[in-house]
Amino acid sequence: MNRFRLSKKLVPALIVLLGLALAACATVPGTGRSQLSLVGDSDLNAMAATQYSQMIQEGPLSSNQKDTAMIKRVGANISRAANEYLREYGMAADIPNYRWEFNLIQSNEVNAFCMPGGKVAFYTGILPYTKGDDGVAAIMGHEVAHAIAHHSRERASQQMMAQMGGSLLSVGLGVGGASALTSDVAMAAYGLGSEVGIMLPFSRSHESEADRIGLMLMAMAGYDPSAAIGFWERMSAEGGNTGSLLSTHPSDQTRIADIKRYLPEAEARRGAAK
Ligand SMILES: [Zn+2]
């Protein structure tokens, strides 16, 4: 008797979950990978923009005009390449979702990031490793690639799915009932505020996708894609002393070997862009 009630309640719940997983998919430009998309870009981008403007206000922004100009110049070139890349893969409709902004923050932290919706910050601590425009373009391309591949949205969607799965299961099991479902999903959505974020490490597959797309973006913008190898090798040589970026972006032989594998395609794009 108990077993019958359990399965009867679980079936619709599982159908809902499966339906969501099938319906709410997006495609990553360039790699063609299918990804889960349960969270709206407008919500995610608005939260990111709020977080970013607070961060910029607190700053302090670098007072070095030459370095600041370099970040803004490379950023503008890479974002133009990103638009071109999105158009190439039939995703021009996504272009207006980005409100690009590039700032250089005065901090010894060795870091740089791009939030959903195109809000980019570099810390001055990373500049000794980028060594000029090509190196900045390497990390700029990588971070912008995380944004146009919607990696944060995918990660938030996966977390939401896991939450819903847990809640639906408890509805099916009769634990907590429907109210548990609503509150858990609401909590998952609410919790996005902290997940939009910035400092959580991406998975290895997201990293390698961002390396690949980033290499194409820097090449399309006219930068030397082989500078990415030099940048990651310098980061790697610094070992534990480089702080944040290295802790979320392990620079190992796998990363460098992958970049070398995609270099010919990037060189060809650079040649075509000239
Ligand atoms: Zn990354």
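The opening position of the sequence shown corresponds to residue 19 in the numbering used here, with each subsequent residue numbered one higher. Idealized CB from N, CA, C, for every residue including glycine.
Would the beta-carbon of lysine 263 fall within 8 Å of that of asparagine 129? Here residue 263 corresponds to residue number 245 of the sequence shown, with the count starting at 1. Here residue 129 corresponds to residue number 111 of the sequence shown, with the count starting at 1. Inspection of the sequence shows that residue 263 is occupied by leucine rather than by lysine. Yes.
By a C-beta neighbour count over all protein chains shown, 10 Å radius and 16 as the cutoff for buried, is cysteine 43 buried or exposed? Indexing the sequence shown from 1 puts residue 43 at position 25. Counting of Cβ neighbours within 10 angstroms places cysteine 43 among the exposed residues, the total staying below 16.
From alanine 100 to serine 81, what distance separates their C-alpha atoms? Against the sequence shown, residue 100 aligns to sequence position 82. Against the sequence shown, residue 81 aligns to sequence position 63. So the alpha carbons of these two residues sit roughly 28 Å apart.
Which stretch, first to last residue, makes up the alpha helix (DSSP H) that contains glutamate 283? As a first step, residue 283 is located in the sequence shown; it is residue number 265 there, counting from the start. Counting along the chain, the alpha helix (DSSP H) containing glutamate 283 begins and ends at 271–291.
Under 8 Å, do glycine 159 and alanine 66 count as touching if we go by C-beta distance? Along the sequence shown, one-based indexing puts residue 159 at 141. Along the sequence shown, one-based indexing puts residue 66 at 48. Taking 8 Å as the Cβ cut-off, glycine 159 and alanine 66 do not qualify as a contacting pair.
Sequence-distant residues of the same chain with beta carbon closer than 8 Å to glutamate 227, five excluded per side: Walking along the sequence shown from the start, residue 227 turns up at place 209. Residues of the same chain with a CB within less than 8 Å of the CB of glutamate 227, apart from the 5 flanking positions on each side, are Val46, Thr49, Arg51, Ala163, Ala167 and His169 in chain order.
Could you tell me whether any non-hydrogen atom of ligand 1 is closer than 7 Å to the CB of alanine 228? Walking along the sequence shown from the start, residue 228 turns up at place 210. For ligand 1, at least one heavy atom lies less than 7 Å from the Cβ of alanine 228.
Under the three-state DSSP convention, the category threonine 45 falls into: In the sequence shown, counting from the first residue as 1, residue 45 sits at position 27. Strand, per DSSP.
Taking its Cβ as the centre, do 16 or more other Cβ atoms sit within 10 Å of glycine 209, making it buried, or is it exposed? Within the sequence shown, the letter at position 191 stands for residue 209. Caution applies to glycine 209, whose pLDDT of 48 falls short of 50 and renders its modelled position unreliable; the value that the coordinates give is listed next. By the beta-carbon neighbour count (other beta carbons within 10 angstroms, threshold 16), glycine 209 is exposed.
DSSP on glutamine 176, reduced to helix/strand/coil? In the sequence shown, residue 176 corresponds to position 158, counting from 1. Reduced to three states, the DSSP call for glutamine 176 is helix.
Span of the alpha helix (DSSP H) holding serine 226? Counted from its first residue, the sequence shown places residue 226 at position 208. Segment 222–238, the alpha helix (DSSP H) holding serine 226.
Per DSSP, what kind of secondary structure is glutamate 127 in: helix, strand or coil? As a working note, residue 127 is residue 109 in the sequence shown. Note: glutamate 127 maps to coil in three-state DSSP.
On the CB-based measure, 16 or more other CB atoms within 10 Å of its CB, does valine 214 come out buried or exposed? To locate residue 214, count along the sequence shown from 1; it is residue 196. Any reading at valine 214 must be qualified, since the residue scores a pLDDT of 43, below 50, and its modelled position is unreliable; the value itself is stated next. Buried is the call here.
Would threonine 148 be called buried (16 or more neighbouring beta carbons within 10 Å of its own) or exposed? Sequence index remark: in the sequence shown, residue 148 carries index 130 (1-based). By the neighbour-count criterion, in which a residue is buried when 16 or more other Cβ atoms sit within 10 angstroms of its Cβ, threonine 148 is buried.
Determine the direct distance from the alpha carbon of leucine 79 to that of alanine 204, and round the result to whole angstroms. Mapped onto the sequence shown, residue 204 falls at position 186. Mapped onto the sequence shown, residue 79 falls at position 61. With a pLDDT of 48 at alanine 204, under the threshold of 50, the modelled position of this residue cannot be trusted, and the question is left open.
Taking the alpha carbon of isoleucine 157 as the point to measure from, which residue in Gly289, Tyr241 and Glu76 has its own alpha carbon closest? As a working mapping, residue 157 is identified with position 139 in the sequence shown. Scanning Gly289, Tyr241 and Glu76 for the CA closest to the CA of isoleucine 157 turns up Tyr241.
Apart from the five residues on each side of it in sequence, which residues of its chain come closer than 8 Å, Cβ to Cβ, to arginine 288? On the sequence shown, position 270 is the one that residue 288 refers to. Here the set comprises Ala237, Met238, Gly240, Tyr241, Asp242 and Pro243.
Which residue or residues does DSSP assign as beta-bridge partners of valine 162? In the sequence shown, counting from the first residue as 1, residue 162 sits at position 144. Valine 162 pairs with nothing; no bridge assigned.
Based on Cα-Cα distance, which residue from Thr86, Pro268 and Glu251 lies nearest to glutamate 225? As a first step, residue 225 must be located in the sequence shown, where it is residue number 207. Glutamate 225 has its Cα closest to that of Pro268, out of Thr86, Pro268 and Glu251.
Where lysine 8 sits in the DSSP three-state scheme: Since the displayed the chain opens at 19 and closes at 292, residue 8 lies outside it and no answer follows.
Going by CA-CA distance only, name the one from Asn121, Tyr141 and Leu56 that's closest to alanine 94. To locate residue 94, count along the sequence shown from 1; it is residue 76. If we check each option's Cα against that of alanine 94, Asn121 comes out closest.
Cβ atoms of methionine 88 and valine 154: under 8 Å apart, would you say? Locating residue 154 in the sequence shown gives position 136, counting from the first residue. Locating residue 88 in the sequence shown gives position 70, counting from the first residue. Yes, the Cβ-Cβ distance between valine 154 and methionine 88 is below 8 Å.
Report buried or exposed for arginine 173, applying the criterion of at least 16 other Cβ atoms within 10 angstroms of its Cβ. Here residue 173 refers to the residue found at position 155 when the sequence shown is read from its first residue. Buried.
Please classify serine 60 as buried or exposed, where buried requires at least 16 neighbouring CB atoms within 10 angstroms. As a working note, residue 60 is residue 42 in the sequence shown. It is exposed - the Cβ of serine 60 has fewer than 16 other Cβ atoms within 10 Å.
Find out if the Cβ-Cβ distance for the pair serine 55, serine 175 is shorter than 8 Å. Here residue 55 corresponds to residue number 37 of the sequence shown, with the count starting at 1. Here residue 175 corresponds to residue number 157 of the sequence shown, with the count starting at 1. In this structure, serine 55 sits near serine 175, with a CB-CB distance shorter than 8 Å.
Collapsed DSSP secondary structure at asparagine 82 in the structure displayed: The residue given as residue 82 occupies position 64 in the sequence shown. Looking at asparagine 82 - three-state DSSP - the assignment turns out to be coil, as it is neither helix nor strand.
Consider the C-beta atom of phenylalanine 220 and the heavy atoms of ligand 3; say whether any pair is separated by less than 7 Å. For the structure depicted, ligand 3 is absent and the ligand set comprises only ligand 1.
Take the Cβ of serine 97 as the centre, count every other Cβ of all protein chains shown within 10 Å, and call the residue buried at 16 or more, exposed below. Position 79 of the sequence shown, counted from the first residue, corresponds to residue 97. That one is buried.
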